[in-house]
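Beneath this line is the structure, given in structure tokens, with notes to follow.
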Amino acid sequence: MSIGRERVAIQALPAYKPGKAAAQGDSGPSAIKLSSNENPLPPVAAVQQAVNDAIAGINRYPDHRATVLRATIAEWIGVSPQQVTAGNGSIGLLQQLFLSYVDPGDEVVFPWRSFEAYPIFTQLMGGKSVNTALVENAFDLEATASSVSANTKLVLLATPNNPTGTALSTTEIAEFVRRVPSSTIVVIDEAYKEFMNPALGDSVHDLLPHFPNILVLRTFSKTHGLAGVRAGYAVADPELIATIDKTLLPFAVSSVAQAAAIAAIVAFDEIKQRVEQIRLERERVAAALAEMGWRIPKSEANFVYIPTGEITEVTFATLEKHGIITRPFPGEGIRVTVSTQDENNQFLKAMKTVAPS
Ligand SMILES: *Cc1c(COP(=O)(O)O)cnc(C)c1O
28 MSIGRERVAI QALPAYKPGK AAAQGDSGPS AIKLSSNENP LPPVAAVQQA
78 VNDAIAGINR YPDHRATVLR ATIAEWIGVS PQQVTAGNGS IGLLQQLFLS
128 YVDPGDEVVF PWRSFEAYPI FTQLMGGKSV NTALVENAFD LEATASSVSA
178 NTKLVLLATP NNPTGTALST TEIAEFVRRV PSSTIVVIDE AYKEFMNPAL
228 GDSVHDLLPH FPNILVLRTF SKTHGLAGVR AGYAVADPEL IATIDKTLLP
278 FAVSSVAQAA AIAAIVAFDE IKQRVEQIRL ERERVAAALA EMGWRIPKSE
328 ANFVYIPTGE ITEVTFATLE KHGIITRPFP GEGIRVTVST QDENNQFLKA
378 MKTVAPS
């Protein structure tokens, strides 16, 4: 049955599949949710306080432009406020990029497998996805550069990549962007930036001064633990920022989200200590999986990717029976969020019951 006459692009659109909520698992509400790359800990006290304070003002509309948040981000990362915009999560900003740049028939280039929102937004706009295969779970930038044409409006590079966790250095990105026409926008999606090895470089400072066609996307969802209030930001040339600001949904970032994000920046030293813990745990989990015989790609994020191949679905089901919810990509692999030491141990214990493929 079809009510109304939806757009052709919408008819063909797959539904976004969020990570399975712990409460929906076979194993009941006590299940451990390692499926959405969230921060396992509640927000730091200063953020909770800021949210509580902001509640008193929610009868008013928020500042549409999130002026104070933009200025705070700009000062924090050392750019001008005109180079920054804030959106409803980095997914909100990604949607704005598509709305601003992709006409029907335009090409959008991205390696695949990567972030699931990319093909969905491309299809939504009637654009054409052009994909390059991963090599050993990492991007093949050579092939990706070769597949960019004069019709390519956007190139999307998630670094670290979701779900494989592999990351690019700013040197590699610079080499890539030099091969791309300056009329093509290259989006560097850094949702997991803070978990990366700093030696890989800082895209904002290493790349933006040289390439006005680069846009860097970051978020408060993962590292900062604000996935539930929705705030992300983009950093780019002021002209590019002004263009995507035209498609900002009115009041897209709530007053509560703006307050939470500002407080998270102020409290970043405390948050950084938690990031350090997760990074240590990631190395421990990856080493334990390698010990079991799995070939784990080097992760620079807060998750690990297990190339389970043909046994992906059965492995997912086995873990679920042990009360561990992960993110399966049938026929390919399983993405597992790195959590607290205790939850990671429970996951590793359950993995011991699965024989590597
Ligand atoms: C989680 C994630 C995002 C989205 O983050 P929000 O800011 O919560 O919208 C964007 N890109 C990638 C690659 C992600 O994994």
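In the numbering used here, the protein residues as written are 28 to 384.
All residues carry an ideal CB built from backbone N, CA and C; glycine is no exception.
The structure presented is a predicted model; accordingly, all values stated were derived computationally and were not measured.
Close Cβ partners of residue i (< 7 Å) along its chain, the five nearest in sequence each way excluded
i, result
"Val302", "Glu221, Phe222, Thr250"
"Ala315", "Leu375"
"Asn178", "Asp133, Glu134"
"Phe247", "Leu253, Ala258, Gly259, Ala288, Ala291"
"Gln123", "Gly114, Ile271, Thr274, Leu275"
"Glu217", "Thr186, Ser230, Val243, Leu244, Arg245"
"Val341", "none"
"Val365", "Ile305, Glu308, Arg309, Val312, Asn329, Phe330, Val331, Asn371"
"Leu68", "Gly252, Arg301"
"Ala81", "Ser282, Val283, Ala286"
"Ala279", "Gly114, Asn115, Gly119"
"Ala93", "Ala113, Val280, Gln285"
"His349", "Ala377"
"Ala194", "Thr186, Pro187, Met223, Leu227, Glu327"
Residue i versus residue j: straight-line alpha-carbon distance, rounded
i, j, result
"Asp229", "Ile200", "11 Å"
"Pro383", "Pro277", "49 Å"
"Ala406", "Gly153", "Nothing in the structure corresponds to residue 406, since the chain is present only between 28 and 384."
"Pro334", "Ile323", "7 Å"
"Leu346", "Gln373", "10 Å"
"His91", "Arg257", "14 Å"
"Leu151", "Arg34", "9 Å"
"Leu168", "Phe343", "31 Å"
"Val111", "Glu318", "44 Å"
"Val243", "Thr380", "41 Å"
"Ala363", "Val74", "Per the sequence presented here, residue 363 reads as Val, with Ala not at that position. Computed Cα separation, rounded: 26 Å."
"Tyr128", "Glu308", "40 Å"
"Asn164", "Arg97", "35 Å"
"Arg354", "Ala377", "15 Å"
"Phe356", "Val182", "23 Å"
"Thr171", "Pro208", "13 Å"
"Arg140", "Asp130", "23 Å"
"Thr211", "Tyr219", "24 Å"
"Ala144", "Ser107", "29 Å"
"Ala39", "Ile215", "27 Å"
"Glu64", "Gly116", "In the sequence on display, residue 64 carries Asn and not Glu. Taking the straight line joining both Cα atoms gives about 14 Å."
"Val95", "Gly84", "16 Å"
"Asn158", "Lys180", "14 Å"
"Ile100", "Val293", "10 Å"
Residue i - DSSP class collapsed to helix/strand/coil
i, result
"Pro355", "strand"
"Val204", "helix"
"Val341", "helix"
"Ile212", "strand"
"Gly336", "helix"
"Val312", "helix"
"Asp53", "Residue placement at Asp53 is flagged as unreliable, the pLDDT there being 49, under the threshold of 50; a coordinate-derived value is accordingly withheld."
"Ala185", "strand"
"Thr179", "strand"
"Lys249", "coil"
"Ile85", "coil"
"Ile30", "coil"
"Pro236", "coil"
"Phe278", "coil"
"Glu387", "Residue 387 lies beyond the stretch modelled for the chain, which goes from 28 to 384, so this question has no answer here."
"Thr270", "helix"
"Thr193", "coil"
"Thr380", "coil"
"Gln368", "helix"
"Asp80", "helix"
"Ser326", "coil"
"Asp296", "helix"
"Val283", "helix"
DSSP beta-bridge partners of residue i
i, result
"Gly320", "Its beta-bridge partners do not exist; DSSP assigns none."
"Ala261", "Thr112, Leu244"
"Val331", "Val363"
"Ala72", "None; Ala72 has no bridge partner."
"Lys60", "Ile352"
Nonlocal neighbours in the same chain, by C-beta distance under 8 Å from residue i, ignoring five residues either side
i, result
"Gly358", "Gly336, Glu337, Thr339"
"Ala77", "Ala286, Ala287, Ile289, Ala290"
"Gly105", "Val231, His232"
"Arg87", "Ser282"
"Leu235", "Val106, Gln110, Ile241, Val243, Val262, Ala263, Asp264"
Spatial neighbours of residue i in its chain, beta-carbon cut-off 6 Å, leaving aside the 5 residues before and after
i, result
"Gln109", "Pro265"
"Pro146", "Ser156"
"Ala49", "Residue placement at Ala49 cannot be trusted, given a pLDDT of 46 that sits under 50; the coordinates are not used to answer."
"Phe125", "Phe148, Met152"
"Ala261", "Thr112, Leu120, Leu242, Leu244"
"Glu297", "Val71"
"Pro190", "Tyr332, Arg362"
Residue-level contact to chain D via CB, residue i, 8 Å cutoff
i, result
"Ala313", "Going by chain labels, chain D is absent from the structure shown, which holds only one protein chain."
Worksheet item: What are the start and end residues of each continuous alpha helix (DSSP H) run of 4 or more residues lying completely inside the stretch 87-173, in chain order?
Response: 94-104, 116-128, 144-151, 168-173
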